[in-house]
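Colleague: For the sequence shown, the UniProt record's numbering gives the first residue as 1, with consecutive numbering after it.
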Amino acid sequence: MDTTTPSEYICCLTLDLLSDPVSTPRGFVFERKAIIEWLKRGERSCPLTREPLEEWELVNNTELLEEILKWKKANRIADIRIDSFEDFSSDRRSLGLGSKALASAPHLLSVRERILKRREQQFRAHLTKC
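Structure representation (structure tokens):
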């Protein structure tokens with residue numbers, strides 16, 4: 001049993017496990033709610049490539065979703081994720097990250113590590129209260 005989440009199962013906007021993946025015309029995958037929120041905020045381009053992107057161009061990625069569900073079942077992974085893109089935005093602000101940080105894919109790995117560390121600390125604090 002390998003509980004290390006494969007990177008292709010992570011949304012680069014939420015840094016969370018994908019639960020409703022959609023693909024862009026160039027093949028980049030995002031969590032549906034996150035990329036739609038991104039577009040509704042006035043961003044009219046892919047966060048990774050900065051190429052023009054419209055909501056109607058997003059395609060359900062059912063094949064990837066099936067892979068993720070199989071992986072979750074095999075590794076006994078429960079659904080633990082942030083409730084909304086707003087939660088991620090507050091994480092990003094508290095870490096001092098602007099929208100330019102999202103444009104750099106290599107930078108996302110260190111951002112992800114910092115957010116996960118912060119969430120782990122919050123989770124441990126919550127457990128001590130129980």
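Beta carbons are placed, not taken as given, at the ideal position from N, Cα and C, and that holds for glycine.
It should be emphasised that the depicted structure is a prediction, and the values quoted were computed from it without experimental measurement.
Can you tell me whether leucine 64 is helix, strand or coil according to DSSP?
Modeller: helix
Colleague: Could I get the ranges of all uninterrupted alpha helix (DSSP H) runs contained in the UniProt domain "U-box" (4-78), with 4 residues as the minimum, in chain order?
Modeller: If we require 4 residues or more, the alpha helix (DSSP H) runs fully inside the UniProt domain "U-box" (4-78) come out as 32-40 and 62-74.
Colleague: By Cβ distance, which residues of its chain are closer than 6 Å to leucine 64, with the 5 residues on each side in sequence left out?
Modeller: Pro21
Colleague: Would the beta-carbon of glutamate 31 fall within 9 Å of that of threonine 49?
Modeller: no
Colleague: Check whether the Cβ atoms of glutamate 55 and leucine 69 sit closer than 9 Å, and answer yes or no.
Modeller: With contacts defined as CB atoms closer than 9 Å, glutamate 55 and leucine 69 fail to qualify as a contacting pair.
Colleague: Just checking my contact of cysteine 12 with leucine 18 at CB under 8 Å: how many whole Å lie between their CB atoms?
Modeller: With a Cβ gap of about 10 Å, cysteine 12 and leucine 18 do not count as contacting.
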